[in-house]
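Data block below; observations after.
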């Protein structure tokens with residue numbers, strides 16, 4: 001498992017959100033990308049160590065929610081202080097809202 005993982009749950013449908021493309025970025029550079037699996041997870045996203053700093057996960061929600069999606073993209077910026085610790089960033093998604101938190 002990589003240091004950064006994510007999980008997307010479709011709260012409106014009550015199931016994992018499979019097939020969402022996600023980019024992992026730092027200072028404008030693409031570090032990794034992946035697509036959520038059938039369980040809505042990406043377990044392997046990024047390197048084994050990271051420098052402290054602000055990172056971004058960018059979720060292509062338009063492809064999942066459809067062309068009229070209110071949020072065609074969700075960007076979560078978060079700070080990594082310990083570049084050796086695991087960071088799990090889940091997203092709860094619905095057609096007109098999303099939320100996130102630091103998972104475990």
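Numbering (full-length UniProt numbering), first residue to last: 1 to 104.
Ideal placement from N, C-alpha and C gives every residue a C-beta, glycine not left out.
All of these numbers come straight from a predicted model, not from anything done at the bench.
Could you name the residues of the same chain whose beta carbon sits closer than 8 Å to that of residue i, not counting the 5 residues immediately before and after it, in chain order?
i          : result
residue 35 : 19, 20, 21, 22, 42
residue 47 : 2, 3, 31, 32
residue 38 : 16, 18
residue 67 : none
Just reading off the alpha helix (DSSP H) that residue i is part of, what are its end residues?
i          : result
residue 64 : 61 to 65
Between which two residues does the beta strand (DSSP E) containing residue i stretch?
i          : result
residue 90 : 87 to 94
residue 97 : 97 to 100
Thinking residue i and residue j are a contact (beta carbons under 8 Å), I'd like their distance in whole angstroms, please.
i          : j          : result
residue 93 : residue 9  : 7 Å
residue 91 : residue 6  : 7 Å
residue 55 : residue 80 : 6 Å
residue 53 : residue 87 : That belief does not hold up - the Cβ atoms of residue 53 and residue 87 are roughly 12 Å apart, past 8 Å.
With DSSP run on the structure shown, which of helix, strand or coil describes residue i?
i          : result
residue 84 : coil
Kindly list the residues whose CB is nearer than 6 Å to the CB of residue i, restricted to its own chain and excluding five residues on each side of it in sequence; keep chain order.
i          : result
residue 44 : 2
residue 59 : 20, 22, 74
residue 11 : 92, 94
For residue i, I'd like the list of residues in its chain whose CB is within less than 7 Å of its CB, leaving aside the five on either flank, ordered along the chain.
i          : result
residue 50 : 3, 80, 83
residue 98 : 71, 74, 91, 92
* Quick one: which unbroken beta strand (DSSP E) runs of 3-plus residues sit fully inside the segment 9 to 72? Chain order, please. => Listed in chain order, they are 21 to 26, 29 to 35, 41 to 45, 53 to 59.
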